[in-house]
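Residue numbers (UniProt numbering), protein chains in the order written: chain A, 1 to 201; chain B, 1 to 201.
What follows is a set of notes on a single structure, which appears directly below.
There are 2 protein chains.
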Amino acid sequence: MTTSSASAPKRGPYAKSKQRRENIVIAAHEVFAEHGYKGGSLQVVADRVGMSQTSLLHYFPSKSALLLAVLNWRDTVTGDGGSRSPEESLASAVIRQARFNETVPGVVELYTVLCAESLTAKHPGRDYFTQRYEGLRRSYSRSFTALAREGRLRSGVDPERAAASLIALWDGIQTQWLMDPDSVDMAQCLQDYLDFLILPE
Amino acid sequence: MTTSSASAPKRGPYAKSKQRRENIVIAAHEVFAEHGYKGGSLQVVADRVGMSQTSLLHYFPSKSALLLAVLNWRDTVTGDGGSRSPEESLASAVIRQARFNETVPGVVELYTVLCAESLTAKHPGRDYFTQRYEGLRRSYSRSFTALAREGRLRSGVDPERAAASLIALWDGIQTQWLMDPDSVDMAQCLQDYLDFLILPE
Chain A
1 MTTSSASAPK RGPYAKSKQR RENIVIAAHE VFAEHGYKGG SLQVVADRVG
51 MSQTSLLHYF PSKSALLLAV LNWRDTVTGD GGSRSPEESL ASAVIRQARF
101 NETVPGVVEL YTVLCAESLT AKHPGRDYFT QRYEGLRRSY SRSFTALARE
151 GRLRSGVDPE RAAASLIALW DGIQTQWLMD PDSVDMAQCL QDYLDFLILP
201 E
Chain B
1 MTTSSASAPK RGPYAKSKQR RENIVIAAHE VFAEHGYKGG SLQVVADRVG
51 MSQTSLLHYF PSKSALLLAV LNWRDTVTGD GGSRSPEESL ASAVIRQARF
101 NETVPGVVEL YTVLCAESLT AKHPGRDYFT QRYEGLRRSY SRSFTALARE
151 GRLRSGVDPE RAAASLIALW DGIQTQWLMD PDSVDMAQCL QDYLDFLILP
201 E
């Protein structure tokens with residue numbers, strides 16, 4: 001976020017409404033992470049922000065609209081699917097993100113629970129996750145292809161399968177970590193795999 | 001299953017009861033795979049087997065008891081967590097299982113959905129999945145250690161992390177495959193990883 005001056009934020013109706021929306025999204029994030037989307041009730045979200053369900057529906061017209069707001073908010077918080085500077089290597093960006101994720105188990109849980117739940121019938125998060133995987137596979141695949149051009153991808157590695165596998169390993173190790181945080185070192189497992197794929201400069 | 005003779009099965013009260021239990025478990029499997037455990041209702045399961053909810057509860061005293069029966073039944077169907085013959089290599093057993101899983105998307109979906117859902121508050125499947133991961137990590141870790149003793153584990157590979165990573169990659173690639181079956185070749189991604197870890201004889 002950038003601001004044009006360091007002065008205190010205005011507290012007009014717009015700022016208040018924006019703050020309320022964010023409070024609702026943060027509460028919904030907690031509730032969906034704890035109970036899943038289907039198991040999480042709008043009433044519980046409304047209770048957490050001290051609002052009636054009717055007032056809440058003034059900000060988000062449906063539970064599915066709230067879900068999408070939560071997913072997009074999550075992307076902002078984690079920087080996920082987002083940018084790395086042109087100077088940062090793929091491996092460094094992955095490990096940095098993995099280490100960050102260790103500090104926000106609730107955010108990782110939300111993602112893991114909703115992603116799997118979105119496989120169930122008529123789930124409103126399905127398109128979000130399908131597109132997210134497509135985008136991530138494309139992005140990593142491009143990075144591996146670029147490394148191959150520099151002669152830094154291990155011989156025989158297929159960029160597309162490596163992209164899908166890296167995402168898969170990351171998702172799966174997060175699940176094991178959420179089940180039992182002491183059982184696995186997420187970042188080290190990812191580092192092992194990246195060390196295999198990518199040759200040193 | 002073994003039978004002492006090839007004669008038609010007896011249709012006494014015990015056999016009928018056993019058959020009903022199995023029908024309930026199969027219906028519950030479908031319902032939980034489609035809607036998750038929390039979203040799947042006992043009434044829908046009862047409807048699918050043409051039984052009242054009260055009669056169903058005579059066979060399984062609670063929804064959570066039914067969940068555990070479904071998870072155990074799944075293990076029987078997939079042979080998961082189960083045996084490989086001493087002659088079969090780890091890699092061959094993994095690829096065989098992965099190819100089999102491609103033929104039973106509903107079973108894979110049930111596992112993926114319930115596993116993630118078990119991370120949510122007070123989920124009755126949590127212990128099952130925690131123990132399953134512990135057992136699988138131990139088993140694969142032992143196999144990698146045995147390969148290391150034969151000089152067939154790639155230098156620098158840590159057996160415990162490789163075990164966790166293999167399971168993680170497998171889980172994660174299944175999720176991507178369920179989202180979009182044409183987007184990934186599950187068995188080939190696993191084969192790539194095993195080819196990296198394990199040196200040829």
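Beta carbons: idealized from backbone N, C-alpha and C, even for Gly.
Helix, strand or coil at residue 199 (chain B) [DSSP, three-state]: Residue state, collapsed to three classes: coil.
Per-residue burial, residue 14 (chain A) [other beta carbons within 10 Å of its own, 16 or more giving buried]: exposed
Extent of the continuous alpha helix (DSSP H) run through residue 92 (chain A): 90-101
Top-ranked residue by Cα proximity to residue 200 (chain B), from B:148, B:117 and B:159: B:148
Neighbouring residues, chain A, relative to residue 112 (chain B) (Cβ below 8 angstroms): Simply 116 and 119.
Local Cβ density within 10 Å of residue 138 (chain B), reported as buried at 16 or more and exposed below that: exposed
Contacting residues, own chain, Cβ-Cβ under 8 angstroms from residue 176 (chain A) (five flanking each side not counted): Correct list, in chain order: 183 and 184.
Interface partners of residue 169 (chain A) on chain B, CB under 7 angstroms: Near residue 169 (chain A) (Cβ distances below 7 angstroms), the residues of chain B are 165, 168, 169 and 172.
Backbone secondary structure at residue 14 (chain A) - three-state DSSP: Three-state DSSP puts residue 14 (chain A) in a helix.
For residue 153 (chain A), three-class secondary structure by DSSP: strand
Ordered list of alpha helix (DSSP H) runs contained in the segment 131-189 of chain B, each at least 4 residues: Qualifying alpha helix (DSSP H) stretches, in chain order: 159-179.
Three-way DSSP call (helix, strand, coil) for residue 120 (chain A) in this model: Taken through DSSP and simplified to helix, strand or coil, residue 120 (chain A) comes out as coil.
Contacts that residue 35 (chain A) makes with chain B (C-beta to C-beta distance below 8 angstroms): Under the 8 angstroms cutoff, chain B gives 38, 120 and 121.
Cutoff 7 angstroms: residue 22 (chain A) Cβ touching any chain B Cβ: no
Test: residue 32 (chain B) CB closer than 7 angstroms to a CB of chain A: no
Residues of the segment 139-162 of chain A whose Cβ lies closer than 9 angstroms to any Cβ of chain B, in chain order: 154, 156, 157, 158, 160, 161 and 162
Neighbour flag for residue 78 (chain A) against chain B, beta carbons, 7 angstroms: no
Per-residue contacts from residue 130 (chain B) into chain A (C-beta, under 7 angstroms): 179 and 180
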